[in-house]
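Residue numbers (the working numbering), protein chains in the order written: chain A, 664 to 857; chain B, 4 to 480. Using N, Cα and C, we set each Cβ at its ideal position, and we do this for glycine too.
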Amino acid sequence: MKIILIFTVVSLCYSGVYGQSIPNEVSSESFITLNGSAISSIGHFEEDWNKGGGFFLNYSNVYSNHWALVFQIGFMKFKHNAEQDFGEDPKFTAIPLQVGGRYYFLLDMFRPYMLAMSGVNIVSQKYSIEGVAVDTTSSHLNFQIGVGVDIMLFSQLGLDLHANYNSHLLDPTEPYNMTGLEYGVGIKWRISGE
Amino acid sequence: MQKIFTILLIVITVQVISSQSLYTTKMDSLLLADSGYVPNQALVDSLNPCKPLWFPALEAIGLNLGLGAFNTYVAKSEFAKISFKTIKHNYETGWSTDADALITNMWAHPFHGSMYYNFARSSGYNYWTSLGIAALGSWQWEFHMENEPPALNDWWMTSYGGSMLGEMFYRFSNLILDESTSGWQRFWHELGAGVFNPARLFNRLISGQATRVTDAKLYEKQPLMGELAGGGNNVAEGVDFDNGKKNLMITLDITYGKLFSPQTVDPFDFFRFYGAFNFGGEGEDKQPLFGQFRIYNNFYTETSNFSNGSRFLWGIFGHYDFLNNNVYELGGVSAGLGIGYQTPGNKDYQFIGMLHGAALFMGAANSDYAPEYEISFLDSARSYNMGPGAHTKVEAILRAPFGSLSVDYSWWWIHTWDGAPGDEFIVMIAPKLRVHVYGRWFVGLEYLFYHRAGKYDLFPDRDYRNNEQRLFVGYAF
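Listed below in structure tokens is the structure:
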């Protein structure tokens, strides 16, 4: 959480200092990005599945000087907490299908942004607890907010660094949800625009 | 009641016979002769420059801090006792649901969201960006300003529902503002607009716009027509008219913009608002003040003209519904596709029809079994089931020289996400007859049939029907 806060403050300061360099003309650029992320679970979910990882493929379109529309698909896998007896080879995976937006503070070589994503997770669970086998696949809403920065190293190629907070639903009535912090890095290719 | 119906039928018959000599207006038509005014964007940018995005974001958070301080130090509310520990706990917990009353969750939260929304809208941002600020403000409230887990239903209703109420109030305030006036006349214009839109009034006061005098026309104004009607209603079980509960009721029906206009392409260039307010009654007969509060609007529309003057349209529409009386409770927000058709407006008779199919993002309907599902961490329960689903709406109007005949059909499906597991299917059909009597005055009759079928996984299914009859006198403006 502290890392996210520091990152946000640094991004805001950077954009405040260099905000004057935002070009007046409207941008229109499209990117394909491949991300890898490490997920650190928090809350009740951490007690059962304490770590995770995933990779994501997204298409983004920067349609103005600040805003981008993002479509994303991925795969997440979680590791069970060693203190829990979930039987042999327990599995908890999710396929997220997400749509959302990014707000870029500036579009330069460094492009700090905030993001909000939502969509559906197709969640598969396979484990046993106290001898009772659980083998289910179900769909749940996902929610994610975060901050990040794109670094355009070359005209067509860049890096995407981000830190997100996940509040993906599992059983909100309990409440028992896939809450966690996600840190990732990705490579992004510009496929159209300048 | 039968005598009243007989009298009304006689009145209608007389009106039909002598209809050609009666005053007719286009108030029953969605096609208006008046054209709207859309200001030049360069002029708006020069006199009302867009504020940085952090400005409305900070205002939304400031509103939350102020309201939080009131809840903590004045109202001394338990839920407002927050600390870094409660904030951390909320992030760890993630989304949940709450057990507030229907009017709180489905009406008060959208109203609160309209404030966030209008901080951004009156700072120069469009509908979509302002919706984002409403979502941000609600997120900040839910995760930081209460010691209860953040409620997803609140976030939906505050952000999306808030944007719907907010844009409607923004458009109303546009119609009232007049910066060419000064003195007391100006004061009343600003106050009138501020009643609908307090967030905008705040921004106008701190920016100096509230006192600036200019002949420049900076605010979009689309034609508006409305009908204010008063009368009595009788809410009865099943399809019987007898032994019903009688109340006084005032309704307000407003149509903003031209639905079948080729220029109706931006969100809320067209919307309809219907409000019903109950008065009187004693004890169990007393109905809630807010009987109905319904909005539907365009997000985007495309219109085609035919050679005979008729028009067809398709578009994306939003729907906000809040219905509440002693028999049923219903609320929801949805969005989806809609198609419409209207015959030429230059004939004595005109037909206008709309058909909508929408995804219900968050809906709520009362259920006998909902109270059995206590929310453990709140130690309380709701009177209604809650969840997503679907919504359809059919609207048909036949405009005639004597008045109009209209039918409104609405259907909701709510899949219980929180409450008694199962599904709620709700149908509401409301035929309405209005007859012009003099000038802008008319009399009318409305029949409203409500049917809710609850299909439950763990309980016996339930089937409720009730009906409501209304007689009213109205004035069109």
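Between the Cα of L778(A) and those of I792(A), V786(A) and E845(A), spot the shortest distance and give me the residue it belongs to.
That would be E845(A), whose Cα lies nearest to the Cα of L778(A).
Report task. Answer yes or no: does any C-beta atom of chain B fall closer than 7 Å to that of S830(A)? Result -> It does; some Cβ of chain B falls within 7 Å.
Identify the contact partners of I705(A) in chain B, using a Cβ-Cβ distance below 8 Å as the criterion.
Simply Y94 and E95.
Taking only beta-carbon atoms, is T161(B) less than 7 Å away from chain A? Interface residue (Cβ-Cβ distance to chain A less than 7 Å): T161(B) is not classified as such.
Discussion item. Between N784(A) and chain B, is the shortest Cβ-Cβ distance under 7 Å, so that the two count as touching?
Written reply: Not one chain B Cβ lies under 7 Å of N784(A).
> Is W420(B) helix, strand or coil by DSSP?
Replying inline: Secondary structure at W420(B): coil, using DSSP grouped into helix, strand and coil.
- Task: Please report the Cβ distance between L105(B) and N469(B), rounded to the nearest whole angstrom; I am assuming they are in contact, meaning their Cβ atoms lie under 8 Å.
- Result: Not really, about 17 Å apart at Cβ, beyond 8 Å.
Exercise for review: Grab me the residues of Q819(A)'s own chain with a C-beta within less than 7 Å of its C-beta, minus the 5 sequence neighbours each way, in chain order.
Suggested key: Correct list, in chain order: W852 and R853.
Query - Beta-carbon proximity check, G392(B) vs I417(B), cutoff 7 Å - result: Yes, the Cβ-Cβ distance between G392(B) and I417(B) is below 7 Å.
Quiz item: Mind pulling the chain B residues with CB within less than 7 Å of T799(A)?
Solution: Neighbours of T799(A) on chain B: none; closest Cβ ~16 Å, over 7 Å.
Looking only at its own chain, which residues have a Cβ that is under 7 Å from the Cβ of V41(B), when we skip the five neighbours before and after it?
If we look at V41(B) and ignore the five residues flanking it on each side, its Cβ neighbours are E223.
Does the Cβ of L363(B) have 16 or more other Cβ atoms within 10 Å, making it buried, or fewer, making it exposed? Buried, since its Cβ has 16 or more Cβ neighbours within 10 Å.
Inset, instruction - Name the residue from A213(B), G406(B) and M167(B) whose alpha carbon lies nearest to the alpha carbon of V440(B). - result: Nearest option by C-alpha distance: G406(B).
Next on the checklist: When you compare the CB of T100(B) with every CB in chain A, is at least one pair closer than 7 Å?
Outcome noted: For T100(B), at least one C-beta of chain A is nearer than 7 Å to its own C-beta.
Notebook entry, point to check: Under a Cβ-count criterion, where at least 16 other Cβ atoms within 10 Å of its own Cβ denotes burial, should F480(B) be classed as buried or exposed?
Noted result: The residue is exposed, with fewer than 16 neighbouring Cβ atoms inside 10 Å.
With a threshold of 16 other CB atoms inside 10 Å of the CB of K248(B), please say whether the residue is buried or exposed.
It counts as buried.
Quiz prompt | Outcome for E149(B) when other beta-carbon atoms lying within 10 angstroms are tallied against a minimum of 16 | solution = Around the beta carbon of E149(B), 16 or more other beta carbons lie within 10 angstroms, which makes this residue buried.
Supposed close pair F244(B), N236(B) - CB separation, criterion 8 Å:
At roughly 12 Å, the Cβ-Cβ gap does not stay under 8 Å, so F244(B) and N236(B) are not in contact.
- Query: Which residues, in chain order, does the stretch 831-844 of chain A contribute to contact with chain B at a C-beta distance below 7 Å?
  - Reply: Hits within the stretch, in order: L832, P835, T836, P838, N840 and T842.
Review point. In the stretch 141-171 of chain B, which residues sit with their C-beta less than 7 Å from some C-beta in chain A, listed in chain order?
Key: Of all residues in the stretch 141-171 of chain B, those with a C-beta nearer than 7 Å to a C-beta of chain A are P152 and L155, reading in chain order.
- Item | Proximal chain B residues relative to F806(A), where beta-carbon distance stays under 7 Å | The answer, in chain order, is W98.
Using 10 angstroms around the beta-carbon of D466(B), count the other beta-carbons present and answer buried if the total reaches 16, otherwise exposed. Here D466(B) is exposed: its Cβ has fewer than 16 other Cβ atoms, across all protein chains shown, within 10 Å.
- prompt: Just curious, the beta strand (DSSP E) that F860(A) is in, first and last residue?
  reply: No answer is possible for residue 860(A): the residues shown for chain A start at 664 and end at 857.
Is V268(B) helix, strand or coil when you go by DSSP? Reduced to three states, the DSSP call for V268(B) is coil.
Quiz item: Just reading off the alpha helix (DSSP H) that G169(B) is part of, what are its end residues?
Solution: Element bounds for G169(B): G165 to I179.
Would you say D269(B) lies against chain A (beta-carbon separation less than 7 Å)?
Under the Cβ distance rule, D269(B) does not count among the residues neighbouring chain A, no pair being separated by less than 7 Å.
Comparing C-alpha positions only, which one of D101(B), G286(B) and R402(B) sits nearest to F82(B)? Among D101(B), G286(B) and R402(B), the Cα nearest to that of F82(B) is on D101(B).
Point to revise | Cβ pair I136(B), P52(B) closer than 7 Å | key: No, Cβ-Cβ distance for I136(B) and P52(B) is not below 7 Å.
Interface positions of the stretch 413-427 of chain B facing chain A (Cβ-Cβ less than 7 Å), listed along the chain: Those residues of the stretch 413-427 of chain B placed with their C-beta closer than 7 Å to a C-beta in chain A are D421, ordered along the chain.
### Message
Which residues does DSSP list as the beta-bridge partners of A232(B)?
### Response
In DSSP, A232(B) forms a bridge with T254(B) and G477(B).
Could you tell me the alpha carbon to alpha carbon distance between A731(A) and S723(A), rounded to whole angstroms? Their Cα atoms are separated by approximately 6 Å.
- [ ] Buried or exposed for L461(B), please, with buried defined as at least 16 other CB atoms from any protein chain shown within 10 angstroms of its CB.
- [x] When all chains shown are included, L461(B) counts as exposed.
As assigned by DSSP and simplified to three states, the class of P391(B)
In the structure shown, P391(B) sits in a strand (DSSP, three-state: E or B).
Practice task
Give a yes or no on whether 7 Å exceeds the smallest Cβ distance from Q225(B) to chain D.
Solution key: The structure shown has no chain D; the protein chains it does contain are A and B.
To the nearest angstrom, how far is the alpha carbon of S700(A) from that of G843(A)? In a straight line, the C-alpha of S700(A) is about 12 Å away from that of G843(A).
As a quick exercise: from Y277(B), G334(B), P270(B) and E449(B), pick the residue whose alpha carbon is nearest that of E305(B).
Comparing alpha carbon positions, the residue from Y277(B), G334(B), P270(B) and E449(B) closest to E305(B) is P270(B).
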